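So for the sequence shown, the numbering used here puts the first residue at 422; every next one is plus one. Everything below concerns the one structure shown next.
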Amino acid sequence: MTSSADSGRGTLRAALAAFPNSSDTEIVLKSNVYVTSALTYPDANKKLKIRAESTAVIVNTGSGDLALGIYDRNGAELSDFAVLYGGISIELPSATAGTTDISVDGVHVYDSDRTGILIDVDENAGGNINVDFTDVVAEGNGSYTGYDMSGLPNGILVFDDHTGGTLDVNMNGCELNDNRRAGCKLWRKNGDLTVYVFDLVANGNGSLPPLPGEQLEGSDGLQCEQSGNGDSQVLVSIAQVHNNTEDGLEFEELGNGNQSVVLLYVDCEGCLDEGIGVVEEDAGNLQCQFYGCHVADHAGDEKDSGTVLVELNDCHLLDRNSDNVTAGDEGCMVRPGGTGNVTVNVDGCTLSDCGGRGFRMRNDTNGLDTTAVCNIKFDGCVIQNNIIDGIRADIATNQAASSIDIRAVDTNGDGMISQQETTASVNNYLNNGGQNLDDKGNWTLLNLATDPQINN
């Protein structure tokens, strides 16, 4: 059953109350809709779909704590007014203070002109912001092609321009498919960002062709970016991210803060850029832990300075472009540079069938600083059928504490390890648990301080 909500206070509430319990509900939002009190949807077992001909703008103008929500069954606590204009937009202007709780529960937003759900935080706002998305479906948003869509046509966009407080985002059971750019983009200018994502499906985003001059950048299943100072922590547990035009999952820390990324049981296939991309710039530390992931594309971890910790546990990383031999088609790439230390642990992983290398640690343009300590460890991995190398590690360091430790690696005649640009002592440990490293004899470790070439 479908209803249109037009001008006038209370109209949307009256439209909801008129629906019987026996059918799902679709509400078409038009301009000048005002809501001042809670909305009650009759039946918790039915679906509420919201389609906007312009975008619903719900503005918090208060100065204290606020509970703000759009629900399919329990009603909504809104602020003073709602004005509409292409999806659902929640704005927190400069007067906002205290703690703001925003909940969007069981809502289906589709085919809106621009972003399906936008939460826009003014740069002068204050306080802590908590956002919960539960059972939200955002599909096919950003369909209008009449003007510049840069940065806007996402399934969900949280744009936090304020510099104080915290931003915490929780997503549970959401489906974000076939949106013009990202399925979900979370952006924080300054301050801490915490993201918890459970049971996510984000497929086919970035599928619409770009307008003249429009960039495909950001056409990810899920993108989290912290662009200033502040720490970011991300946990993604159980996710399917397939066939996105850019990355399946992308996490960026571009300021001086620390970044922690934990991925549990992520299934990523067919994305045209990186399966998993993690970028850390400036002086912050980076820790990545991947467990039980399947990546049918190359996965990248990039670092400019600070400390890098990458843990890949029981992951299956396959490169999509195995028939196209290029240096960038790696199963997993760690790209550090600067003064920080680098720690890479690859445990129980399959790094196979890649067009380039199964694993590569590659220096940034300026190379690692000579004070950096690099420790790389592989344990219990299957690394085979890669067109160039199984493993390649390029490091430049004067630190005797640096090491490469390889244990119980099954290469099936595919293991090349090259450690280059080494200017001083590096401790190399090779313990293959009695297995044959390579029947071709081409495992190579270079340590220019002691022995220019060691063949095993």
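Heads up, the beta-carbon is just placed ideally off N, CA and C, and yes, glycines get one too. Since this is a predicted model, take the numbers as computed values, not measurements.
For residue i, the first and last residue of its enclosing beta strand (DSSP E)
| i | result |
| --- | --- |
| K606 | 605–609 |
| H529 | 528–531 |
| I540 | 538–542 |
| C770 | Element bounds for C770: n/a, residue is neither H nor E. |
| E596 | 596–598 |
| G779 | 778–782 |
Candidates the options, of which the one nearest residue i by Cα
| i | options | result |
| --- | --- | --- |
| S628 | P574, V618, V528, E673 | P574 |
| E695 | D688, R778, D668 | D668 |
| E701 | F711, F672, Y712 | F672 |
| R609 | A559, T587, R778 | T587 |
| N598 | N626, D556, A546 | N626 |
| L733 | V683, D774, N762 | V683 |
| T555 | V590, D581, D541 | V590 |
| G698 | G548, V542, V655 | V655 |
| Q708 | N679, D688, L685, L693 | N679 |
| F711 | L685, G676, F619 | L685 |
| R666 | M782, D688, R602 | Sequence check: residue 666 is Thr here, not Arg. Ranking the options by Cα distance to T666, first place goes to R602. |
| N706 | F580, G651, G639, G548 | G651 |
| C880 | R778, F780, M782, V803 | The chain is shown from 422 up to 877; residue 880 falls before or after that span and cannot be answered. |
| D581 | G779, S658, G563, D613 | D613 |
| D526 | D641, V558, Q647 | V558 |
| A623 | C645, V731, G576, T615 | G576 |
| C605 | G585, S648, S653, I540 | I540 |
| V731 | S681, G779, C645 | S681 |
| G649 | N677, E596, M592 | N677 |
| M412 | C645, G585, G639 | With the chain represented from 422 up to 877, any question about residue 412 goes unanswered, as that position is not in the structure. |
| L607 | E596, R781, G639 | G639 |
For residue j and residue i, the rounded distance between their alpha carbons
| i | j | result |
| --- | --- | --- |
| K798 | I825 | 6 Å |
| G811 | V767 | 13 Å |
| N611 | L670 | 21 Å |
| C795 | A814 | 10 Å |
| S475 | I509 | The predicted model places S475 with a pLDDT of 41, which falls under 50 and marks its position as unreliable; any figure quoted below should be read in that light. Each residue's alpha carbon lies about 9 Å from the other. |
| L643 | G801 | 30 Å |
| E560 | H583 | 28 Å |
| N806 | G713 | 21 Å |
| N600 | I827 | 43 Å |
| D501 | T521 | Since pLDDT at D501 reaches only 25, below the 50 mark, its modelled position is unreliable, and the value read off the structure follows with that caveat. Taking the straight line from one Cα to the other gives about 15 Å. |
| G537 | G594 | 17 Å |
| V542 | S773 | 44 Å |
| T762 | V662 | For the record, residue 762 in the displayed sequence is Asn; it is not Thr. Their backbone Cα atoms lie some 31 Å apart in a straight line. |
| V765 | D532 | 43 Å |
| F619 | N545 | 31 Å |
| L675 | Y617 | 20 Å |
| V579 | M754 | 29 Å |
| A660 | V687 | 5 Å |
| I550 | S524 | 11 Å |
| V528 | S658 | 22 Å |
| L621 | V830 | 33 Å |
| G547 | N562 | 30 Å |
| E690 | V716 | 6 Å |
| V552 | S653 | 15 Å |
| D641 | Q647 | 16 Å |
| R778 | V530 | 41 Å |
| M782 | C692 | 22 Å |
| E596 | F780 | 31 Å |
| N664 | G585 | 36 Å |
| C736 | T615 | 24 Å |
Sheet register partners of residue i (DSSP bridge)
| i | result |
| --- | --- |
| D556 | Partner(s): none; D556 has no beta bridge. |
| Q644 | K606, E671 |
| N589 | One point to set straight first is that residue 589 is Asp, not Asn, in the sequence displayed. In the DSSP output, where bridge partners are listed per residue, D589 has N551, T615. |
| H583 | Answer is none; H583 lacks a bridge partner. |
| A878 | The structure shown has nothing for residue 878, since the chain only spans 422 to 877. |
| Q805 | Its beta-bridge partners do not exist; DSSP assigns none. |
| V830 | V830 is not bridged to any residue. |
| T520 | N549 |
| R813 | R781 |
| S628 | None, per the DSSP bridge assignment. |
Residue i: CB within 6 Å of a non-hydrogen atom of the ligand ATP
| i | result |
| --- | --- |
| E646 | Questions concerning the ligand ATP fall outside what the structure shown contains, since it holds no ligand whatsoever. |
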